[in-house]
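In full-length UniProt numbering, the protein residues as written are 1 to 96.
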């Protein structure tokens, strides 16, 4: 098994909630640089830390972490499918 990459949405979830890296790190009991390493995919969390992160955001672990890249938000417009993440961001077009 060469390079094992874990994709995540930590930065997006943190931004949606207006939480700084330092605030998230303090809540998780880790160094703030660890949050940066996680967000950039330079470090894969232990199962315990991954579960604590998903619990902190109040979402299932598969919403935060994946073995495959997450689809970009805004792709697949018109399909009626979505994760519900980012809803209410004002990015969707509204009928006139």
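All residues carry an ideal CB built from backbone N, CA and C; glycine is no exception.
- Quick one: residues in its chain with C-beta nearer than 8 Å to the C-beta of residue 51, no 5 flanking neighbours on either side, listed in chain order? Result list for residue 51: 61, in chain order.
- Task: Please check the pair residue 56 and residue 38, which I expect to be a contact at CB under 8 Å, by giving their CB distance rounded to whole angstroms.
- Result: The pair is not a contact, with the Cβ atoms about 12 Å apart (cut-off 8 Å).
- Message: So, with DSSP's three-state summary, where would you put residue 57?
- Response: Helix.
- Tell me residue 65's beta-bridge partners as DSSP assigns them. Under the DSSP definition of a beta bridge, residue 65 partners with 8.
- Query: Using DSSP with H/G/I as helix, E/B as strand and the rest coil, what is residue 39?
  - Reply: In this structure, DSSP gives residue 39 a helical state, which the three-state scheme calls helix.
- Message: To the nearest angstrom, how far is the alpha carbon of residue 46 from that of residue 74?
- Response: Residue 46 and residue 74 have their C-alpha atoms roughly 30 Å apart.
- Task: Would you grab the beta carbon distance between residue 53 and residue 19 for me? Rounded to a whole angstrom, and I think it's under 8 Å.
- Result: With a Cβ gap of about 12 Å, residue 53 and residue 19 do not count as contacting.
- Item | CB of residue 8 within 8 Å of CB of residue 64, strictly | Yes, Cβ-Cβ distance for residue 8 and residue 64 is below 8 Å.
- Start-to-end residues for the alpha helix (DSSP H) that takes in residue 22: Bounds of the alpha helix (DSSP H) holding residue 22 are 21 to 28.
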